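Beneath this line is the structure, given in C-alpha cells, with notes to follow.
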Ligand code: SER
C-alpha cells in the first residue's frame, strides 16, 4: 500500500460508515483574518462544530492540507514536517466516543493492518478546577477493544513512572486537551475545545535507548520524545466552549478526528522516518544524484529532510496563492525556499534544483491535488525566480556572516577565525543592525542568520539574546518600511505611474471595475494589485476561474452603465471603522492611518462604488469614454488579472 492508496482507503472506510467526502480547503484560510494558514483539519470546520448546518449532513470525511509555521525549525528529525495531510472524520452532533474509538481502531488494525500490540493510547485525566471530568468512558472503550484484540489493556495513571506494563495512559491538559490555542487556560472566550484521546505507534524499545536521560534512569512513556513512539491520530471530543463563566457544554457533541497521513504510512512500513515513505522517494533520489551523497549518511540526513519538507510545502503554498514575498504568507514561502537553498548548499548542490523537486511533488499528487498541475507554470517559475535571486547573494552573505562573527584578540584587537573563546578572546558583538543588513542586502531573514551563526564554532546564542536581537531587528524593519512607504506614496499616488488626465480617468474606471467584479462574481473578489498608465489599467483580484464571455460582458455593462449615467464622485474623510461600517471596500489596514478618504461614485439610490482610496478621481464619470476589457490572465493561483482600456 502506498500513501495515495492509504488516503483513499481511509476515506472509503468512513464513507462506508455514512460519511460524505469533502475536498481539502486551501492552505490560505478564507475569511479568517486571525490566522495566516490552515494548520489543522478543524479550522475550516469551526462554523459546523458550532452548530451551523453542513450542507452534506452530520458525518463528513476529508484529507486536509495543513501547514505549521512553528515547525519550520523543528524539521530535520524523523517526524516533523511543516506541511502534512491530516485525515479527518467529523461528527457534527451525531456519533460520539463509542463509535469514533472503535472505528479508528478497526481502521488501523483491520484495514491498515497495524499490530494492536504495538498501539498505545492516551486519555484525558480531567481538570477539577475547570469542572472537566476525567475521561473514563474513553479509557473503558479502549480497554474493551484491546481485550477483544487479545492484547494487554492495563490503564496507567502516572506516566512519569514509565510504561508500567500499561496500554492506556492518563495525561493532563498539556497532552490530552485540544483547542486551537492549546491548553484550556490559554484559550480565548468563544473558542472550542475538548478532551482528546491520542493513538501512538511503538517503533520498538531499542529506538528510545539512545536518549541520554533514559540511561540516567528517566522513564519512557508514550509521550516521551525519545523516538520510540509516534503519535498517529488524535480523537478530539469537541464538546466545550469557553465562556466568561468558564467551560460550558456546546449544544451538540462533536467528534474531530485528525490523523497524520504520512505518519500512519510510516507506522504501516514500520520505519520510524516519515521521509522514507513513498511520497519522498523521487525527491530523495534526485537529491542523492545531485549531491552525490546518500540519504542514509548521518551528516547529510538533516539537510535532505529540510529540503524535501520545505520544497513540498512551498509547492503547495505557491499553488494556493502564496508566492514568495516579503510579507504575510509569502514571507513563509520565501523562508522555506531560501532555507532549502542554504541546506542544499551545505550538501554541495550549487545549481538550481528547486524546480526538479517541485516537479516530483506535482507528479506524486497528480490525481489527489490536480490544482498543483494546473498551477505548475507558476510554481516552477516562482521557485526559479526565488532561487536565482537568493543564490546571487548566498555565498557573499555567508562569507560576511563568518567574517563579522570572528573573535577578537583583546590585546592586539586582531580578528581571528574561531579560536577558543575561553582563552580570553572576545566574540564580536552581534547587533540587530548587522542582522538587518544581512536581510536587506543578502536576503538572509532573521532566522536564517541566527541559524547560521549558531552553527559557527565557538558561538552560541542564548534564547534571551535572540529575543532582544529580534526586537531590534523588527525596529529596523519598521523604520525601513516607513521610509520606503513614504517613497512609494510619492512615486505612485494610488498606484499610478503619472497623474495625467488619462491616468485619473483610469483610476476612476478601476474603482468601477472593482465594484463590477464583486457584483458579477461575488463579494469574495478583492483587489490584489493595481497599475495604471495613461494607456490602460491593469487590475489584479482574487478569483480562481477564468471569467466566461458572459461574465466579461456583464462587467463591461456595469461599468459602462455607470459611465453613461454620468455619476458624480465625492469623497469624505472618516476613520477606518466608520468606512467599514458604511460598506466601503478597499485595502483596510493601518497603512492608511486612522483617518481615511472614502470615495463614492454616484449618490442616493445609485451608488456604483464606495472605496477607501487616496484619490484623485474625475469629478463625474460622463467623460470616461467606453470601457472595454482587452485581456484577462492568471497571475498566480487564485489571482486573476484584467487589462482594460477606455476608448
Ligand atoms: N484538531 C485535532 C488536531 O489538529 C484533530 O483533528 O490534532
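In the numbering used here, the protein residues as written are 5 to 651. Just so it is clear, CB atoms sit at the ideal spot from N, CA and C, and this is done for glycine as well. Quick caveat, the model's predicted, so the values are computed rather than measured.
- By a beta-carbon distance limit of 8 Å, residue 615 contacts residue 589. Their separation comes to about 5 Å.
- Excluding five sequence positions before and after residue 439, the CB atoms of its chain that fall closer than 7 Å to its own CB belong to 450, 453, 473, 477, given in chain order.
- Annotation: the continuous alpha helix (DSSP H) that includes residue 51 extends over 50-53.
- Counted as a single uninterrupted DSSP element, the beta strand (DSSP E) harbouring residue 197 occupies residues 196-206.
- The beta carbon of residue 558 sits closer than 7 Å to those of 524, all from its chain and outside the five residues before and after it, given in chain order.
- For residue 186, the shortest separation between its Cβ and any heavy atom of the ligand SER does not lie below 7 Å.
- Here the distance from the Cβ of residue 240 to the nearest heavy atom of the ligand SER is below 7 Å.
- If you check the CB distance, residue 359 and residue 398 do not come in under 8 Å.
- Residue range 250-264 is occupied by the beta strand (DSSP E) that includes residue 260.
- Residue pairing by DSSP places residue 235 opposite 204 in a beta bridge.
- Counting along the chain, no beta strand (DSSP E) covers residue 522; the unbroken alpha helix (DSSP H) around it starts and ends at 505-525.
- Using a Cβ distance threshold of 8 Å, residue 600 and residue 580 count as a contacting pair.
- Of the candidates 105, 111, 305, 66, the residue whose Cα lies closest to the Cα of residue 91 is 66.
- Under a 10 Å Cβ-count criterion, residue 267 is classified as buried, with 16 or more other Cβ atoms of the shown protein chains found around its own Cβ.
- Exclusion of residue 438 from the 7 Å shell around the ligand SER follows from its C-beta lying no nearer than that to any non-hydrogen atom of the ligand.
- Per DSSP, residue 544 lies in no alpha helix (DSSP H) segment; the continuous beta strand (DSSP E) that holds it begins and ends at 541-546.
- Around the C-beta of residue 199, 16 or more other C-beta atoms lie within 10 Å, and the residue is accordingly described as buried.
- Per DSSP, residue 219 has no beta bridge partner at all.
- Minimum Cα-Cα distance from residue 547 among the listed residues 540, 541, 555 corresponds to 555.
- For residue 152, there is no enclosing beta strand (DSSP E); the residue is part of the alpha helix (DSSP H) that begins and ends at 140-152.
- Under the DSSP assignment, residue 358 falls in the alpha helix (DSSP H) whose first and last residues are 358-368.
- Annotation: the continuous beta strand (DSSP E) that includes residue 615 extends over 610-616.
- For the region 378-414, the full-length alpha helix (DSSP H) segments reaching 4 residues or more read 380-408 along the chain.
- Per DSSP, residue 637 is one residue of the beta strand (DSSP E) stretching across 631-640.
- Residue range 285-295 is occupied by the alpha helix (DSSP H) that includes residue 293, with no beta strand (DSSP E) assigned at that position.
- Using a C-beta cut-off of 8 Å, the region 97-109 makes contact with the region 135-150, since at least three inter-stretch Cβ pairs fall below that distance.
- In this structure, the alpha-carbon of residue 315 lies about 12 Å from that of residue 76.
- Assignment of residue 167 by DSSP, reduced to helix, strand and coil, places it in the coil class.
- The beta carbons of residue 163 and residue 173 sit closer together than 8 Å.
- Contact check for residue 89 and residue 68: beta-carbon distance about 7 Å, within the 8 Å limit, so the pair qualifies.
- Assigned with DSSP and collapsed to three states, residue 607 falls in strand.
- The Cβ atoms of residue 194 and residue 257 do not sit closer than 8 Å to each other.
- Runs of the alpha helix (DSSP H) lying entirely within the region 41-81, each at least 4 residues long, are 50-53 in chain order.
- Between residue 371 and residue 323, the alpha-carbon positions lie close to 15 Å from each other.
- The closest CA to that of residue 560, considering only 506, 529, 629, is found on 629.
- An exposed status is given to residue 38, since fewer than 16 other beta-carbon atoms sit within 10 Å of its beta-carbon.
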